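Below: one structure, written as structure tokens.
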Amino acid sequence: MARKTIQSWLLLAPILLLASACSDAVESGARPAPAQPSANAAAPDAGKKTGDYPAPIQALEAQGLEVLGTFKAPSGLTGYAGIAGGNPVSIYLTGDGSHALIGTLVDAQGNDAGADAMRDLVVKPMSERIWKKLDNATWVQDGKTDAPRVIYTFTDANCPYCHSFWEAARPWVDSGKVQLRHVMVGVIRQDSANKAAAILKAPSPGNALADNERNQSSGGIKPMAAIPADVRTQLDSNERLMLELGFQGTPGILFHDEQGNVQRRSGMPQGNDLNVVLGPR
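Oh and the sequence shown: position 245 is 245 in the UniProt record's numbering, straight run, nothing missing.
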């Protein structure tokens, strides 16, 4: 859907927090978030660089756009496929190269003229990039290793909505259909990072996570008195990734849809959406 202003596409706008997500600003005493890398810095494999494109495209790059490729468009326009704020963006350059339009170009039947190009140039590569970053993050396995469906979720040990998602997913996890991978962060309370450290440093992180969730009503796992340096590095890296992917709170959930593309949910999935996220029960 087209936006009213360029900035709404190009700035790293956060996903809107619903009532089903814990914000990282819930408590004033919570640890400040680590510095977030820019959209361009997160894409070392980008093709051309600023200066290789016409001036309007360069102006958009300066505001955070990452161009992944170009494609032919109707009526003398040139299509540019890119990412801004973690979202796919289609841009159309006029024939004289003096102006650029941002949004969806439709034909007389209402079809998106750039849909196929955006899928091939942006959606698939972006999905692969996101999934690889998640694979390389520090996470806790929750479910069978050979489960056919893997779901990543940014989890804070103190987050009640993370607990709700953990609890709702039990039928899928216990039946071996889903493996949750909890990317641990510490953003809700002052002791969130200490609890995450206790989970990550436990002999069995999976069991420690389960104990925390089962005892959520009584305070969960006992936090570590001091966070080891290696765990602090892991948690900071996880939090930067959470912010980079557009999440401002927990849980931040990522999964593959039927086409194999990565989809996101900010907060606890509601109603039938739980089945979309977790798959057939």
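For glycine and all other residues, C-beta sits at the position ideal for the given N, C-alpha and C. Owing to the predicted nature of the structure, the values given are computational and were not obtained by experimental measurement.
- When C-beta atoms of the segment 199 to 211 are compared with those of the segment 109 to 127, fewer than three pairs fall below 8 Å, so the two segments do not count as touching.
- According to the DSSP secondary-structure assignment, D112 is paired through a beta bridge with V106.
- In the structure shown, R189 falls within a coil segment according to DSSP collapsed to helix, strand and coil.
- Cα atoms of L121 and L274: separation of roughly 29 Å, rounded to the nearest angstrom.
- Just so you know, the alpha carbons of G249 and A21 end up roughly 6 Å apart.
- Here the alpha carbons of V187 and N238 stand approximately 11 Å from one another.
- Within the same chain, and ignoring the five residues on either side of L134 in sequence, the residues whose Cβ sits closer than 6 Å to its Cβ are Y152.
- Between the beta-carbon of L68 and that of G82 there is about 6 Å, and that keeps the pair under the 8 Å contact cut.
- Of G95, I91, S98, the smallest CA-CA separation from T104 is found for I91.
- In the DSSP assignment, I83 is bridged to E66, P88.
- Secondary structure remark: continuous alpha helix (DSSP H) runs of at least 4 residues inside the segment 188 to 237, in chain order: 192 to 200, 205 to 214.
- Residues of the same chain with a CB within less than 7 Å of the CB of P54, apart from the 5 flanking positions on each side, are L93, G97 in chain order.
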